[in-house]
Amino acid sequence: MFDHLLTILKTSGLLKKLRSVGYLPIWIVFIIDVFIVMLSGVITHILLLNLLIKFQNSTVTLMGNLTILAVNALFFIFFRTFSGIIRHSTFIDGVKLLLSTSASFMFLLVVNYFWEFNFGQKIYLNSALFINYVIAFSLLFLFRIMVKYLFELYTSLEDQKKRINAVIYGVDANAISVANALKTEMPARFNLLGFIDNQSDNKSGRSLLNLPIVNHNRKTYTILRSLKADALIIAEKSLSKADTIALVEECLEFNFKVFTVPLISDWEDQEQITTKIKNFDILDLLGRKPIELQTENISSTLKGKKVRQVMLFNPAKIILVDQAETPLHHLQLELEEVNDIPIRSFLVDIRDKSSLEKVFLNYKPDVVYHAAAYKHVPLMESNPMQAIYTNVLGTMNLADLSLKYAVQRFVMISTDKAVNPSNVMGASKRIAEKYIQSLHHIDVKSKEVSTKFMTTRFGNVLGSNGSIVPLFTKQIKEGGPLTITHPDIIRYFMTIPEACQLVLEASAIGNGGEIFIFDMGEPVKIIDLAHKMIRLAGFIPEQDIKIKVIGLRPGEKLYEELLNDTSKTLPTPNEKIVIAEEIVENHHEIRIEISALIHQMHDASTNEIVVQMKKIVPEFISMNSVYETLDN
């Protein structure tokens, strides 16, 4: 009957009117509360009359009722019980009401005994006062509860069509916590239809939280279809990474949305749990376990040192160097909000050695992380001079100054494109690698080198500026098409946290001269990545959003490598990180070659610059580029 009444309200349009009602002025709430106290007095009077209890004369009774109203009104004002928004009442509002009505009751008791002591009679019966107190508090509390419940019910009915029909994967404590949280979430995002049990067969036909439990003896997408679900919420904590990815890919293939939630801690409340439920992210589909940071090594290396970006390891000072004003400003503001570690920012171009040296002279950093580089392959293919100036000369400036000012550790960020490079950008990074590695071996036997020079080499970083994921995200928002250069192109991927961890750990475990390589698992086909991102966004590839092949860009190859053909690897304490054994160049010879390259750039043609790069890096073979003729 009640549901039928709500349906009438909804169809009549009254529901929308109720939703659009503004908040009542506090003086109206105050008047309602006083009226409720007056009503409780009437109810108390009727109750006592029915019990045949004799009252005082009508004058005393009237004075007593007016006193009750006045005292309650005063304590309403004192505790500001009317200041809360009724439809958003909380536990605190209930406590305020209890304190207010209890204080009124105690005060009236004192007044009653005082009146009896001085005038020989009570204003009202103590039993009547107590009954009035209980009824008043109950009605005041019930009023707020009912208003809150009705508004939530109306909101729930109106928003039900916007909810996502979802099934929870798992029946363990984690899954139950998630379900409980979602059932109490306001406004609700999900309409829960049931649970999928992947552990046993003994729950068939049973229910949990009044929702059916379905055994995972069929394909997941079949179960979701049978329950008329739109999405799956993965809450099973025992699932392996491989099983999770297989489950997600199955759902995406059949156009079901996927949500995940991390493990629930005992102390987390329901609101905390619901805020952690998120769409399954493309970063979760790398097909391998994330790298784990060995914080003990890093902490011992960085604690109390002056470095660029290690807030969690208690450095003494952080020195930020960048030529991009706005990103540098934003980074400084962000870091200052996190910690009170002293931060110094300098607008310096690493190609300007004299300006750069002032930073080293004044602050003498202990650890340098060198991440400054031009990285876009097509742009560098058209601007080899700029690639040399920044990626090579800038690296030389930083490395030479680090050696001069006795920096303890120098870590350079390189790229897998430096391996058997097919473009100017990759070749410039390989030249920088050669210089860094050779610098460490200057008179090593005579112990003249105090700086440990290290290089980290990894693939594409998901979510970084200019990477494929932000591009695809933008194209999906615009309705497509998603552009890929070739249907067979593959790339290695890692996340931003993993990239940071690799760099930090390399600085901790390196002894100098190493090129560290991260085990990034199997490479990913870009077209598969595009399909997954489209499905994660709730669309169907090639139907809702097209994929367009635009052809390989200048210098681009179908696949990247992590090692040269002649290279070998050595293990490290972290099984996900290995050391590439590359041929170490003679420092003096490589310095002469690089210096000649830099000095001739002003007068040399673009082709002449690239020819010189190919001499320094013999394995540099251009692909899909105007420089291919230079290899002949």
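Residues 460 to 1091 in the numbering used here are what the sequence shown lists, from first letter to last.
Each residue gets a CB set at the ideal place from its N, CA and C atoms; glycine is no exception.
Check the C-beta distance from residue i over to residue j and give it rounded, since I have them as a contact under 8 Å.
i: V797; j: V780; result: Contact flag wrong, Cβ pair sits at about 19 Å.
i: D631; j: E695; result: 6 Å
i: L930; j: K1007; result: Actually they are not in contact, since the Cβ atoms of L930 and K1007 sit about 13 Å apart, beyond 8 Å.
i: G1010; j: N882; result: Incorrect: roughly 15 Å between the Cβ atoms, too far for contact.
i: R1012; j: P824; result: Not really, about 37 Å apart at Cβ, beyond 8 Å.
i: L652; j: L686; result: 5 Å
i: I1004; j: I993; result: 5 Å
i: N856; j: K911; result: About 18 Å separates the two Cβ atoms, so there is no contact after all.
i: A688; j: V626; result: 5 Å
i: N524; j: G553; result: So it is not a contact: roughly 26 Å between Cβ atoms.
i: F1098; j: I1038; result: In this structure the chain extends from 460 to 1091, so residue 1098 is not present and cannot be described.
i: L556; j: I527; result: At roughly 16 Å, the Cβ-Cβ gap does not stay under 8 Å, so L556 and I527 are not in contact.
Drop a sphere of 10 angstroms on the beta-carbon of residue i, count the other beta-carbons inside from all chains shown, and report buried for 16 or more, exposed for fewer.
i: K1016; result: buried
i: P774; result: buried
i: Q1059; result: exposed
i: E840; result: buried
i: L599; result: buried
i: R677; result: exposed
i: D702; result: exposed
i: V569; result: exposed
i: F576; result: exposed
i: G885; result: buried
i: Y828; result: buried
i: H789; result: exposed
i: R868; result: buried
i: R603; result: buried
i: A1055; result: exposed
i: F537; result: exposed
i: L921; result: buried
i: P946; result: exposed
i: I505; result: exposed
i: A529; result: exposed
i: K834; result: buried
i: A634; result: buried
i: L973; result: For clarity, residue 973 is Glu in the given sequence; the question names Leu instead. Buried, since its Cβ has 16 or more Cβ neighbours within 10 Å.
i: Q658; result: exposed
i: K933; result: exposed
i: Q960; result: buried
i: Y583; result: buried
i: V1076; result: buried
i: N427; result: Any answer about residue 427 is impossible in this case: the structure gives the chain only from 460 up to 1091.
i: M669; result: As written in the sequence, residue 669 is Asn, which differs from the Met given in the question. N669 should be labelled exposed.
Go to residue i, then tell me how far its alpha helix (DSSP H) extends in each direction, as first and last residue.
i: T849; result: Looking at the DSSP string, T849 is not in any alpha helix (DSSP H), and its letter there is neither H nor E.
i: N577; result: F550 to F578
i: I974; result: Not the alpha helix (DSSP H): I974 falls in the beta strand (DSSP E), residues I974 to F977.
i: L1004; result: As written in the sequence, residue 1004 is Ile, which differs from the Leu given in the question. No alpha helix (DSSP H) contains I1004, which DSSP labels as neither H nor E.
i: A632; result: A632 to T643
i: M1082; result: Per DSSP, M1082 belongs to no alpha helix (DSSP H) and is neither H nor E.
i: P837; result: V836 to S841
i: L1011; result: No alpha helix (DSSP H) holds L1011; DSSP gives it neither H nor E.
i: A967; result: I955 to I968
i: P929; result: I927 to K936
Hey, quick one: how far does the beta strand (DSSP E) through residue i stretch, first residue to last?
i: N650; result: F649 to D656
i: V626; result: I623 to Y628
i: H829; result: V826 to H829
i: T914; result: K911 to R916
i: V780; result: K776 to D781
i: F718; result: K716 to T719
i: R684; result: Unbroken run through R684 is the alpha helix (DSSP H), T679 to S685; no beta strand (DSSP E).
i: P869; result: In the sequence under discussion, the amino acid at residue 869 is Phe, which differs from the Pro named in the question. R868 to I872 is the extent of the beta strand (DSSP E) around F869.
i: N919; result: N919 to L921
i: P671; result: L670 to N674
i: A891; result: First-last for A891: V883 to H899, but that is the alpha helix (DSSP H), not the beta strand (DSSP E).
i: T942; result: L941 to I943
i: L691; result: A690 to I693
Flag residue i as yes when its Cβ comes closer than 7 Å to any non-hydrogen atom of the ligand GTP, and as no otherwise.
i: L857; result: What this structure holds is no ligand at all, so the ligand GTP is not there to describe.
Closer than 8 Å, CB to CB, is residue i near chain C or not?
i: D631; result: Structure shown: chain C not included; a single protein chain is present.
*Cβ contact check for the region 1026 to 1036 and the region 802 to 820: 3 or more pairs under 8 Å*: Counting Cβ pairs under 8 Å, fewer than three are found: no touch.
_Ranges of the beta strand (DSSP E) found wholly within the region 1022 to 1062, counting only runs of at least 3_ = The qualifying runs are 1027 to 1030 and 1036 to 1040.
*Run through the region 785 to 833 for me and flag every whole alpha helix (DSSP H) of 4 or more residues, listed as ranges in chain order.*
If we require 4 residues or more, the alpha helix (DSSP H) runs fully inside the region 785 to 833 come out as 812 to 822.
_Under 8 Å: do the region 894 to 901 and the region 844 to 859 share three or more Cβ pairs, one atom per stretch?_
They touch, by the three-pair rule.
*Does the region 991 to 1000 come within contact of the region 702 to 721, defined as at least 3 CB pairs closer than 8 Å?*
Output reads yes: the region 702 to 721 touches the region 991 to 1000.
_Between the region 867 to 874 and the region 908 to 925, can you find at least three pairs of beta-carbon atoms closer than 8 Å?_
Pairwise C-beta distances place the region 908 to 925 in contact with the region 867 to 874, as three or more of them are shorter than 8 Å.
*Between the region 1047 to 1057 and the region 973 to 981, do at least 3 Cβ pairs fall closer than 8 Å?*
Remark: fewer than three beta-carbon pairs, one from each stretch, lie closer than 8 Å, so the region 1047 to 1057 and the region 973 to 981 are not flagged as touching.
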